[in-house]
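**Student:** Just so you know, we're using the working numbering here: the sequence shown kicks off at 99 and counts up by one.
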Amino acid sequence: MELVNTKLATSTPVRLVLALLLLMFAAIGFADVKLLDSFPKSDSNLGEMVTDLRLWFDVEPDPAGSKIELLKDDSRIPVLALHSMGENDLMGFVQQPTPPGRYRVVWQATAVGTDTVVYGEFDFIIVNSGPKP
99 MELVNTKLAT STPVRLVLAL LLLMFAAIGF ADVKLLDSFP KSDSNLGEMV
149 TDLRLWFDVE PDPAGSKIEL LKDDSRIPVL ALHSMGENDL MGFVQQPTPP
199 GRYRVVWQAT AVGTDTVVYG EFDFIIVNSG PKP
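1) Please state the DSSP three-state secondary structure of residue 163.
2) Is residue 199 near the ligand FMN, in the sense that its beta carbon is under 7 Å from a heavy atom of that ligand?
3) I need the straight-line Cα distance from residue 190 to residue 215, nearest angstrom please.
4) Do you know how far the Cα of residue 156 is from the Cα of residue 149?
5) Whose C-beta lies closer than 8 Å to the C-beta of residue 180 among residues of the same chain, with five residues either side of it excluded?
6) DSSP state of residue 145, grouped into three classes?
7) In terms of residues, what are the limits of the beta strand (DSSP E) holding residue 131?
8) Using alpha carbons as the reference points, say which of 145, 158 and 151 lies closest to residue 209.
9) For residue 185, which three-state DSSP category applies?
10) Drop a sphere of 10 angstroms on the beta-carbon of residue 134, count the other beta-carbons inside from all chains shown, and report buried for 16 or more, exposed for fewer.
11) For residue 218, which of helix, strand or coil comes out of DSSP?
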């Protein structure tokens, strides 16, 4: 007569299903990228030109699947060399002078390992700070 451990036989498929569900929910939660902070900050007033833009997220963004644009009036100012500094961030270099005025940052980001694209935008102002003493 052979004895079978029914507790082990029934718990293995249940454990497998639970592990798969956990992985699915973790992937779904990871796919949503949220902007936490930025330089320049949203709605800020700056007294000098901007030479770089940096955005911080709640997850690691994929620079290859992400984009940052800087707009002033009807013109687009190139933001190049998009990369990460290893702090759940995206950073790019502004390739033209940014004289006083209202600017809009438009971004799209994907998290590493996902295909979900998230979009956002915010404004900031560069004020004429006048001559420095």
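Yeah, the Cβ is synthetic: ideal placement off N, Cα and C, and Gly gets one too.
Quantities reported herein were computed from a predicted structural model and do not represent experimental measurements.
**Tutor:** According to the structure data:
1) When DSSP states are grouped into helix, strand and coil, residue 163 belongs to the helix group.
2) Summarising the ligand content, the structure contains no ligands, and the ligand FMN is consequently not present.
3) 18 Å
4) 24 Å
5) 161, 164, 165, 166, 188, 189 and 190
6) Here residue 145 sits in coil by DSSP.
7) Neither: residue 131 is in no beta strand (DSSP E) and is coded neither H nor E.
8) 158
9) coil
10) exposed
11) strand
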